[in-house]
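Novice: Here the working numbering is used: position 114 in the sequence shown is 527, and no number is missing along the way. Heads up, the beta-carbon is just placed ideally off N, CA and C, and yes, glycines get one too. Note that the coordinates shown come from a computational prediction; the quantities given were computed from them, not determined experimentally. Before anything else, here's the structure in question.
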Amino acid sequence: MRIASVFALLILAFGPAHASGFDRDGNPLFGDGTIRDPSDPVAPHPGVMIFDNQADFLAAAGSVTTEDFEDEPLVGDCSSGAQTFLSFDHFDATATPAALKVLGVDCGNGNHNTTPGGFKYLSADTDLGGVSAFVTLSFNTFLHAFGLYLIDIEAGGGSVELTINGVPYLVPGGPNGGESYFGIVSPVSFTDIEIAIVSGSDSHYSLDDIAYGAGPVAVEADSWGKVKAIYR
């Protein structure tokens, strides 16, 4: 576990950042989280920002904690030992079917660590060909910022969908062993992130460098007025 304090302006209050993402149909999002396709029935809350790279996410997220799994005990190996539940410092992970592992070596199928100088990472490996795991990360505090690396989400095996506050965000698959980044900064707090492979199957994918924090959050004028009234 490592703590990274990143100082940034309240970007949510000053317009969109250099950000991108996709909705459940693969339509690109604007930097503020607005879906380009007006026919999509599910839209992010106004002010949500989606990021596809770690640097931009960290610049917008403020102070975050990063779980890199380097101090976690190993669980399973590249071919066996999957669990349905694992608990970490500030969140629990559950999987259906059993798939959770903390691995410390690169698996020959493309799954690997993303922490510079590190070895360990969290895997969702069902050990069942053509069967993907549905993973939920449940935090013990309210978040406004969340980001992570998604590893070995293969284009031939589908894409990964992350659902936060009931809104699905699609991250397209890539090459074998590829790395994708997803980050969100939201004015609406959340505690759970649901992760699922869609439009295909991928029996083994991984997560690493999971960053999370409580801010920054822009305060709407009406809300700020209510806060000031309390202290008058």
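Which residues in the same chain as Thr507 place their Cβ atom closer than 6 angstroms to its Cβ, once the five residues preceding and following it in sequence are excluded?
Specialist: Cβ within range, chain order: Phe498, Thr549.
Novice: Give me whichever residues DSSP pairs with Gly560 in a beta bridge.
Specialist: According to DSSP, Gly560 bridges with Gly596, Ala624.
Novice: In the DSSP assignment, the alpha helix (DSSP H) including Leu471 goes from what residue to what residue?
Specialist: Leu471 -> alpha helix (DSSP H) spans 467-474.
Novice: Please report the Cβ distance between Asp538 and Lys514, rounded to the nearest whole angstrom; I am assuming they are in contact, meaning their Cβ atoms lie under 8 angstroms.
Specialist: About 6 angstroms separates the two Cβ atoms, so the contact holds.
Novice: Does the segment 462-476 come within contact of the segment 596-603, defined as at least 3 CB pairs closer than 8 angstroms?
Specialist: Taking 8 angstroms as the limit for Cβ pairs, the verdict is that the segment 596-603 does touch the segment 462-476.
Novice: Quick check: Tyr582 and Val477, are their CB atoms within less than 9 angstroms of each other?
Specialist: Cβ atoms of Tyr582 and Val477: not closer than 9 angstroms.
Novice: With DSSP as the reference, label Ala508 as helix, strand or coil.
Specialist: If DSSP states are grouped into helix, strand and coil, Ala508 belongs with the strands.
Novice: Please determine if the segment 572-582 and the segment 523-532 are in contact, where contact requires at least 3 C-beta pairs separated by less than 8 angstroms.
Specialist: The segment 572-582 is not in contact with the segment 523-532.
Novice: Quick one, are the C-beta atoms of Gly586 and Asp621 less than 9 angstroms apart?
Specialist: Contact flag unset, no.
Novice: Quick one: grab the DSSP three-state call for Ala609.
Specialist: Ala609: strand per DSSP, three-state reduction.
Novice: For Val461, count the other beta carbons within 10 Å of its own beta carbon; 16 or more makes it buried, fewer makes it exposed. Which is it?
Specialist: Per the 10 Å Cβ criterion, buried.
Novice: With DSSP as the reference, label Leu442 as helix, strand or coil.
Specialist: Below a pLDDT of 50, predicted positions are generally treated as unreliable, and Leu442, at 49, falls in that range; the measurement from the model is reported next regardless. Three-state result, Leu442: strand.
Novice: Is it true that the CB of Asn589 sits closer than 9 angstroms to the CB of Glu567?
Specialist: Yes, the pair counts as a contact, with Cβ atoms nearer than the cut-off.
Novice: Which of the three DSSP states, helix, strand or coil, is assigned to Gly587?
Specialist: Strand, per DSSP.
Novice: Give me whichever residues DSSP pairs with Leu575 in a beta bridge.
Specialist: For Leu575, which the question treats as bridged, DSSP gives the partners Tyr582, Ile608.
Novice: Below 8 angstroms on the Cβ atoms is my guess for Ser391 versus Phe603; work out the distance and round it to an integer in Å.
Specialist: Residue 391 falls outside the range modelled here, since the chain spans only 414 to 645, and no answer is possible.
Novice: How many Å lie between Ser500 and Leu535 at the Cα?
Specialist: Each residue's alpha carbon lies about 11 angstroms from the other.
Novice: Rounded to whole angstroms, what is the Cα-Cα separation between Ala627 and Ser493?
Specialist: Between Ala627 and Ser493, the C-alpha separation is close to 36 angstroms.
Novice: Output the distance between the C-alpha atoms of His557 and Ala473, rounded to the nearest integer angstrom.
Specialist: Near 11 angstroms, if we compare the C-alpha coordinates of Ala473 and His557.
Novice: Thinking just about the alpha-carbon of each residue, which of Asp519, His617, Ile606 is nearest to the one in Ala546?
Specialist: Ranking Asp519, His617, Ile606 by Cα distance to Ala546 puts His617 first.
Novice: In the DSSP assignment, find the unbroken beta strand (DSSP E) run with Lys514 in it and report its ends.
Specialist: Segment 513-516, the beta strand (DSSP E) holding Lys514.
Novice: I need the straight-line Cα distance from Leu541 to Leu471, nearest angstrom please.
Specialist: Spanning the two alpha carbons is a distance of roughly 35 angstroms.
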